[in-house]
Amino acid sequence: MRVSLGAFIATDHLTASASTTLYATLTFPGGRWAAVEVISGTSQIEKGARSLARTVQQIDTSAVGEPVLKLVVTGTGPTATLPDGTVTCPLSVIVP
Numbered sequence: 024m025r026v027s028l029g030a031f032i033a034t035d036h037l038t039a040s041a042s043t044t045l046y047a048t049l050t051f052p053g054g055r056w057a058a059v060e061v062i063s064g065t066s067q068i069e070k071g072a073r074s075l076a077r078t079v080q081q082i083d084t085s086a087v088g089e090p091v092l093k094l095v096v097t098g099t100g101p102t103a104t105l106p107d108g109t110v111t112c113p114l115s116v117i118v119p
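Written out as structure tokens, the structure reads:
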């Protein structure tokens, strides 16, 4: 999977356990990374953010560091920062 978003490339998805998977991990220069969840609509934003948080909690961040971004991508909807710091945006904001 490749996403043109400047200086990083979506490198993989991540399965943290049998019940938690990240849609994509984005790796930035210097090893920083972001966690991405993709959902179908705005009614699923909160659920997607909770799922993303659960998955990130299961990652050994002492080895890879905390994600610099937690992103929930929707088909349509707002661009916003949720109370926990997770960002949500529609796909059209990312891919022209």
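Numbering of the sequence shown is given in my numbering, commencing with residue 24 and proceeding in unit increments. Where a beta carbon is used, it is the ideal one built from N, C-alpha and C, also for glycine.
### Query
I think A72 touches T109, with their Cβ atoms under 8 angstroms apart; what is that distance to the nearest whole Å?
5 angstroms
### Task
Can you tell me the Cβ-Cβ gap for I117 and V95, rounded? I've got them flagged as a contact below 8 angstroms.
The pair is not a contact, with the Cβ atoms about 12 angstroms apart (cut-off 8 angstroms).
### Query
Is the Cβ-Cβ distance between P90 and A57 less than 9 angstroms?
yes
### Task
Look at the alpha carbon of V79 and the alpha carbon of G100, and state the distance between them as a whole number of angstroms.
23 angstroms
### Query
Which class does V79 belong to by DSSP, given the choice of helix, strand or coil?
helix
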